């Protein structure tokens, strides 16, 4: 007998659960003692006349809709071979891709259990709620209703066009959050205890939503894993669309893109985006200030406005985020070989001076170029903005660092490694692709319990952020609270020029360090290719 069969038998052969949503009834099934509903539409298929438009409610249905399989995933290109060995990304065909999944201890309308809404990562171009690492069983087992969401990706969700509203993918997420607020009570959840959570692009999305005026009142808490609230430069997104339009030989409008074959559109999107990198940037898709859903930069809104006032925040990073960006395909070694050119590119990316790089080298004298570049960019993209948010937030903030190194060579405590521990899915083959064989269950027990406690009570089990900067460290021995473990690195930024202004004394080339010139040289050398 399988675990699923045993769980269902343990419910005394109880009939498959049926729940009525705002648009019709759905039938899930019991798995290992919890009720699971998959592929529930929260919005209509975003194609045909709805393509590149804001989401619309789904057509109501009669009878009972089967909700036992994952619904279609948003159109997306596959990961490159270098990244696919570490990250799984199932693709489910079909147009009805604006759907979500619910794991619940039981669909009891009177239970009023805490709810966690999960937004997946994937650089806003890949990923889905069907990734096995995001299985919500452990959360439901421990009394949390887990909802995971699919949303539009890439040019479909974040292309910037003159004839269509911006940020349709973020609007999808807002529609899903509204659906949860209205429907989750029937699944046993409490609409007044919703935690919005995400990792990487999902965390960036969660940060934008908790700052959005239209989302206020739809959440009580938020979790930002390895992604700060941010808005992309509109010109960076426009360049991505224009480059695609040039390759496709069409105008850079939503109307013209809607007429292009979907598979061709994905192929061109992958080709145009292959030289973008979190380390050195480049044109990419991202959330932009649109004057509507995102009226201003989300970090600015959260740091000095009334957005999310009083909401509890849990946020953090992995110690070696950059290693997932640089290890696949041998980029770590390539950056080491590039030496001073790579450092100049990182300074251009981070808008910092030579003094910052010298400070990192003084603090970590054994670090090679790639490690220095990686930590520099990780601090710029993640730690500094999250520190700023924790300092300014008008509510309780809890900060963590994930420090357990993968058992696979070179990855260290890399980006996305913590996910299998948070979801307690380390026994899945997909988690082992990144963690290796033999990841410690006691670490998963500790992290998962902290996330459960935060969703339920608003307190993950350590001190809230204050002037001492407490950071909970997971994976470096027993879970412990350190006090500003990276403050020395972050302090280097506060008293230095914002751009290199003079040739350094250590032999760094004096040719142009203007950002685009440096990045062009790095691209010619092959140093910024990524997945």
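Residue numbers (this note's numbering): 27 to 557. All C-beta atoms, glycine included, are put in the ideal place defined by N, C-alpha and C. Quantities reported herein were computed from a predicted structural model and do not represent experimental measurements.
Original post:
When the Cβ atoms of the segment 84-94 are set against those of the segment 332-341, are three or more pairs found closer than 8 angstroms?
Top reply: no
Subject >> Assigned secondary structure, residue 152 (DSSP; H/G/I helix, E/B strand, else coil) >> reply: coil
Original post:
With residue 250 and residue 199 assumed to form a contact (beta carbons below 8 angstroms), what rounded beta-carbon distance in angstroms separates them?
Top reply: The Cβ separation is near 14 angstroms, so there is no contact.
Original post:
Considering only residues of the segment 166-205, which uninterrupted alpha helix (DSSP H) runs meet the minimum length of 4 residues and lie entirely inside it, listed in chain order?
Top reply: 180-184
**OP:** Please report the residue range of the alpha helix (DSSP H) in which residue 219 lies.
**Re:** From DSSP, residue 219 is part of no alpha helix (DSSP H) but of the beta strand (DSSP E) over 215-225.
Original post:
From residue 53 to residue 212, what does the alpha carbon distance come to, in whole angstroms?
Top reply: 13 angstroms
Original post:
If we ignore side chains and look at the alpha-carbon of each, how far apart do residue 450 and residue 276 end up?
Top reply: 47 angstroms
**OP:** Return the Cβ separation of residue 358 and residue 480 in integer angstroms, given the expectation that the two are a contact with Cβ distance under 8 angstroms.
**Re:** Wrong, their Cβ atoms sit about 34 angstroms apart, outside the cutoff.
Subject >> CB contact flag (residue 237, residue 328, <7 angstroms) >> reply: yes
Original post:
With a CB to CB cut of under 6 angstroms and the five nearest residues on each side skipped, what residues in its chain are close to residue 190?
Top reply: 78 and 280
Original post:
Hey, how far is the Cα of residue 96 from the Cα of residue 270?
Top reply: 31 angstroms
Original post:
Would residue 325 pass as a contact of residue 427 if the rule is Cβ separation under 7 angstroms?
Top reply: no
Subject >> Cα-Cα separation, residue 272 to residue 352 >> reply: 29 angstroms
Subject >> Range covered by the alpha helix (DSSP H) that runs through residue 400 >> reply: 395-404
Original post:
Run through DSSP, which three-state label would residue 126 get?
Top reply: strand
Original post:
Just reading off the alpha helix (DSSP H) that residue 386 is part of, what are its end residues?
Top reply: 380-389
**OP:** Using three-state DSSP, classify residue 240 as helix, strand or coil.
**Re:** helix
Original post:
What is the rounded straight-line gap between the Cα of residue 140 and the Cα of residue 315?
Top reply: 31 angstroms
Original post:
Just checking, does the segment 128-138 make contact with the segment 468-477 on the three C-beta pairs under 8 angstroms criterion?
Top reply: no
Subject >> Residue environment, residue 596, which counts as buried when at least 16 other CB atoms sit within 10 Å >> reply: Residue 596 lies beyond the range of the chain shown here (27 to 557); nothing can be said about it.
Subject >> Whether residue 402 touches residue 440 by CB criterion (7 angstroms) >> reply: no
Original post:
Where in the segment 451-498 do unbroken runs of the alpha helix (DSSP H), each at least 4 residues long, occur, reported from the N-terminal end onward?
Top reply: 455-461 and 467-483
**OP:** Report the rounded CA-to-CA distance for residue 43 versus residue 94, giving the unit in angstroms.
**Re:** 11 angstroms
Subject >> Contact the segment 120-132 vs the segment 403-419: 3+ CB pairs below 8 angstroms >> reply: no
Original post:
Who pairs with residue 341 in a beta bridge, going by DSSP?
Top reply: 250 and 425
Original post:
Buried or exposed: where does residue 523 fall if 16 or more other Cβ atoms within 10 Å of its Cβ makes it buried?
Top reply: With a pLDDT of 49 at residue 523, under the threshold of 50, the modelled position of that residue is not reliable, and no figure is offered here.
Original post:
In the structure shown, what three-state DSSP assignment does residue 392 receive?
Top reply: coil
Original post:
Relative to the alpha-carbon of residue 344, which residue among 309, 496 and 430 has its alpha-carbon at the smallest distance?
Top reply: 430
Original post:
Can you tell me whether DSSP reads residue 66 as helix, strand or coil?
Top reply: strand
Subject >> CB contact flag (residue 290, residue 101, <7 angstroms) >> reply: no
Original post:
Helix, strand or coil: which one does DSSP assign to residue 524?
Top reply: Confidence is the limiting factor: at residue 524 the pLDDT is only 46, short of 50, which leaves the residue's position unreliable, though a coordinate-based value still follows. If DSSP states are grouped into helix, strand and coil, residue 524 belongs with coil.
**OP:** Could you say if the segment 317-324 and the segment 389-407 meet the contact criterion of at least three C-beta pairs nearer than 8 angstroms?
**Re:** no
Subject >> Simplified DSSP assignment, three categories, for residue 92 >> reply: strand
Original post:
Sorry if obvious, but does the Cβ on residue 316 come closer than 6 angstroms to a heavy atom of the ligand MG?
Top reply: Although the ligand MG was asked about, the structure shown includes no ligands whatsoever.
**OP:** Could you tell me whether the segment 175-185 touches the segment 142-159, using the rule of 3 or more Cβ pairs below 8 angstroms?
**Re:** yes
Subject >> Beta-carbon separation (whole angstroms), residue 196 vs residue 304, contact threshold 8 angstroms >> reply: Not quite, the Cβ-Cβ distance comes to about 20 angstroms (not below 8 angstroms), so this is no contact.
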